[in-house]
Every structure is written in C-alpha cells, then in structure tokens.
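In the working numbering, the protein residues as written are 1 to 78.
To start, the structure itself, in structure tokens.
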C-alpha cells in the first residue's frame, strides 16, 4: 500500500507545482524557496504528529474506527 501512495503523492505534488516547475523567470524560484520549505515542514509535522503519534494513541485507547474519526476531527480543528 505504501508504493501506490507514494506514486499518487508524487503525481499530485507535481501537478500542484507544475507552474513552479515550468516557470521561466529565474527570480521566481528564490522567492518560492521559503514557501516550499514551509510546505515541507508542515507536511512532515502533520504526518508525524497526527498520523504517527495522535492517531496511534487514539487507536490504543478507543480502537481503529474511533481513532480514525478522532484523528480526522483533530486535523480539521488544526
């Protein structure tokens, strides 16, 4: 299940940033570096905190289905 998720994530990421990747203006790329750095940092935080820590704690306490619902509720509140 990991391989299809990685492929889908790469395809969606490339689609999201296609304008950035196709930019011909060299001044645009340095201006986008902070935005890309923040996007990667936030994505890492979300993956580690919500799915790697919070959802596992909810799963230990309440089971699989309630943990998915609680983790998604917490993510939506975030």
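Every residue, glycine too, gets a C-beta built ideally from N, C-alpha and C.
Span separating the alpha-carbon of residue i from that of residue j
{"i": "residue 17", "j": "residue 29", "result": "12 angstroms"}
{"i": "residue 56", "j": "residue 73", "result": "14 angstroms"}
{"i": "residue 4", "j": "residue 61", "result": "30 angstroms"}
{"i": "residue 8", "j": "residue 38", "result": "21 angstroms"}
{"i": "residue 52", "j": "residue 78", "result": "16 angstroms"}
{"i": "residue 2", "j": "residue 67", "result": "20 angstroms"}
{"i": "residue 10", "j": "residue 64", "result": "27 angstroms"}
Beta-carbon proximity check, residue i vs residue j, cutoff 8 angstroms
{"i": "residue 71", "j": "residue 58", "result": "yes"}
{"i": "residue 75", "j": "residue 45", "result": "no"}
If you scan the stretch 24-51 from start to end, which runs of the alpha helix (DSSP H) of 4 or more residues do you find wholly inside it? Runs of the alpha helix (DSSP H) spanning 4 or more residues and lying entirely within the stretch 24-51 occur at 28-45, in chain order.
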